[in-house]
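Chemist: Dropping a structure here in structure tokens format, bear with me for questions.
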Amino acid sequence: MGQKVHPIGFRLGYIRNWDARWYAERKSDFRALLKEDLALRRYIHGRLADAGVPRVEIERSANHITVTIHTAKPGIVIGKQGAKVEDLRQQLERLSAKRVRVNINEVQRPELDAYLVARSIADQLVRRVSFRRAIKQAVQRSIQRGAKGVKVVIAGRLGGSEMSRREREVQGKVPLHTLRADIDFGIAEAETTYGQIGVKVWVYRGDVTVPRRRRVVAVPVEEPPAEAPAAVEAAEGAEVAGAEPSTEGGAASAMGGE
165 MGQKVHPIGF RLGYIRNWDA RWYAERKSDF RALLKEDLAL RRYIHGRLAD
215 AGVPRVEIER SANHITVTIH TAKPGIVIGK QGAKVEDLRQ QLERLSAKRV
265 RVNINEVQRP ELDAYLVARS IADQLVRRVS FRRAIKQAVQ RSIQRGAKGV
315 KVVIAGRLGG SEMSRREREV QGKVPLHTLR ADIDFGIAEA ETTYGQIGVK
365 VWVYRGDVTV PRRRRVVAVP VEEPPAEAPA AVEAAEGAEV AGAEPSTEGG
415 AASAMGGE
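For what it's worth, the working numbering labels the leading residue of the sequence shown as 165, then goes sequentially.
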């Protein structure tokens with residue numbers, strides 16, 4: 165059985181940043197903060213299920229939390245005159261018992277976001293749209309919007325068949341082993357009358373230019389050659405011998421002057 169690597173986790177720290185950015189001083193703090201992150205994400209995804217939220221970023225500093233919500237429909241999240249987003253902020257403060265700041269980022273091209281593409285396919289499957297038609301339309305829209313390659317895999321009781329099976333559609337190229345390749349990955353589930361159908365989507369958006377890191381080379385410093393002890397003693401003796409006559413001569417001349 166082949167071992168599969170998560171495309172996003174594989175590129176963390178190289179071309180993609182972490183969705184949670186904070187530091188815990190103690191192990192017990194890490195456990196509590198991680199549990200708090202999961203609760204915040206679960207609440208946001210549950211409350212904004214219709215807003216198309218592919219990512220939620222969380223940053224912490226002292227007693228303050230900054231939550232950045234990426235959404236395809238910012239109007240649903242913000243509400244009239246910001247009423248909904250303010251209510252969301254207050255609920256998050258109750259869950260975390262900390263001050264919370266909420267930022268809203270609009271997803272400019274939803275067709276290039278793997279989670280939103282997978283969610284769109286899953287919603288069509290729930291409405292009993294043919295799975296082949298749903299897959300092909302989603303792939304074509306992504307390619308038209310600028311994707312270099314798209315791969316879709318769905319599995320389950322497709323079309324109401326008695327046995328579950330797997331179907332896939334690939335257009336373009338999806339280089340999973342290339343670190344500089346910007347590949348987004350998303351998973352969605354469709355709850356149909358025949359059972360659950362899983363949808364996985366890979367979207368290749370092109371290569372990311374990573375600046376080369378300068379190599380720091382340690383240059384050895386040449387030390388002056390150490391002199392022999394006998395030579396050092398001889399030099400010091402010569403300096404002392406040369407200094408004594410001048411001192412005596414100075415004293416004699418002074419006496420003679422008197």
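Positions of the beta carbon are idealized from the N, C-alpha and C atoms, including for glycine.
Here the structure is a predicted model, which means the values were calculated and not measured.
For E189, which of helix, strand or coil comes out of DSSP?
Modeler: Of the three classes helix, strand and coil, the one that applies to E189 here is coil, per DSSP.
Chemist: Following the continuous beta strand (DSSP E) through E257, name the residue where it begins and the one where it ends.
Modeler: Where E257 is concerned, there is no enclosing beta strand (DSSP E), although the alpha helix (DSSP H) it sits in stretches over 247–260.
Chemist: Roughly how many whole angstroms lie between the Cα atoms of G324 and K168?
Modeler: About 28 Å.
Chemist: Taking the DSSP output, what are the residues bridged to Q335?
Modeler: Paired residues: V314.
Chemist: Since V281 and V365 should fall inside the 8 Å C-beta cutoff, what is the C-beta to C-beta distance between them, to a whole number of angstroms?
Modeler: So it is a contact: roughly 5 Å between Cβ atoms.
Chemist: Taking P171 and I347 to be in contact with their CB atoms under 8 Å, please state how far apart those CB atoms are, rounded to whole angstroms.
Modeler: About 5 Å; that satisfies the 8 Å criterion.
Chemist: Taking 6 Å as the limit between beta carbons, can you name the residues of its chain near E412, skipping five residues before and five after?
Modeler: Residue confidence is low: E412 scores 45 on pLDDT, short of 50, so the model does not pin down where it sits. Its coordinate-derived value is still stated next. So no residue of the chain qualifies.
Chemist: What is the rounded straight-line gap between the Cα of T235 and the Cα of D371?
Modeler: One C-alpha to the other measures close to 24 Å.
Chemist: On the premise that R205 lies in contact with N227, defined as a C-beta separation below 8 Å, what is that separation, rounded to the nearest angstrom?
Modeler: Their Cβ separation, rounded to whole angstroms, is 20 Å, which puts N227 and R205 out of contact at 8 Å.
Chemist: Taking its Cβ as the centre, do 16 or more other Cβ atoms sit within 10 Å of Y187, making it buried, or is it exposed?
Modeler: Looking at its Cβ environment, which holds fewer than 16 other Cβ atoms inside 10 Å, Y187 is exposed.
Chemist: Starting from Y368 and walking both ways along the beta strand (DSSP E), at which residues does that stretch end?
Modeler: Unbroken beta strand (DSSP E) run through Y368: 359–371.
Chemist: Apply the 10 Å Cβ neighbour rule to V293 and answer buried if 16 or more other Cβ atoms are within range, or exposed otherwise.
Modeler: It is exposed - the Cβ of V293 has fewer than 16 other Cβ atoms within 10 Å.
Chemist: Let me make sure I understand the geometry here. Which of L343, R376, V338, P375 has the alpha-carbon closest to that of V367?
Modeler: Closest by alpha carbon: V338.
Chemist: I'd like to check one pair, R185 with E423: are the Cβ atoms closer than 7 Å?
Modeler: Because the chain is modelled from 165 through 422, residue 423 falls outside the range shown and cannot be assessed.
Chemist: Would V241 be called buried (16 or more neighbouring beta carbons within 10 Å of its own) or exposed?
Modeler: When all chains shown are included, V241 counts as buried.
Chemist: For I351, which option in A215, L259, Q308, K315 has the closest C-alpha, if you only look at C-alpha atoms?
Modeler: Considering only alpha carbons, the answer is K315.
Chemist: Would you call D201 buried or exposed, if buried means 16 or more other Cβ atoms sit within 10 Å of its Cβ?
Modeler: Answer is buried; the Cβ neighbour count reaches 16.
Chemist: By a C-beta neighbour count over all protein chains shown, 10 Å radius and 16 as the cutoff for buried, is G310 buried or exposed?
Modeler: Label assigned to G310: exposed.
Chemist: Which partner residues of R175 appear in the DSSP bridge assignment?
Modeler: Bridge partners of R175: none, in fact.
Chemist: My output table needs one value for V169: the three-state DSSP class, helix, strand or coil.
Modeler: V169: coil per DSSP, three-state reduction.
Chemist: The beta strand (DSSP E) spanning G239 covers which residue range?
Modeler: Per DSSP, G239 belongs to no beta strand (DSSP E); it is in the alpha helix (DSSP H), 238–242.
Chemist: Quick one: measure Cβ to Cβ for R297 and V317, integer angstroms, because I've assumed they're closer than 8 Å.
Modeler: In fact, because the Cβ distance is near 16 Å, the residues do not count as touching under 8 Å.
Chemist: Can you check whether the CB of T232 is closer than 7 Å to the CB of N181?
Modeler: In this structure, T232 does not lie closer than 7 Å to N181 by Cβ.
Chemist: Three-state secondary structure (DSSP) at S410?
Modeler: Note that S410 scores a pLDDT of 47, beneath 50, so its modelled location is shaky; the value from the coordinates is reported in the next line. Correct three-state label for S410: helix.
Chemist: Do you know offhand how far I179's Cα is from L343's?
Modeler: When rounded, the distance between both Cα atoms is 8 Å.
Chemist: Measure from the alpha carbon of K312 to the alpha carbon of each residue in E275, D251, A247, then state which is nearest.
Modeler: The residue with the shortest Cα to Cα distance from K312 is E275.
Chemist: Let's test the definition: count the other Cβ atoms within 10 Å of the Cβ of L198 and tell me whether it reaches 16, buried, or not, exposed.
Modeler: Looking at its Cβ environment, which holds fewer than 16 other Cβ atoms inside 10 Å, L198 is exposed.
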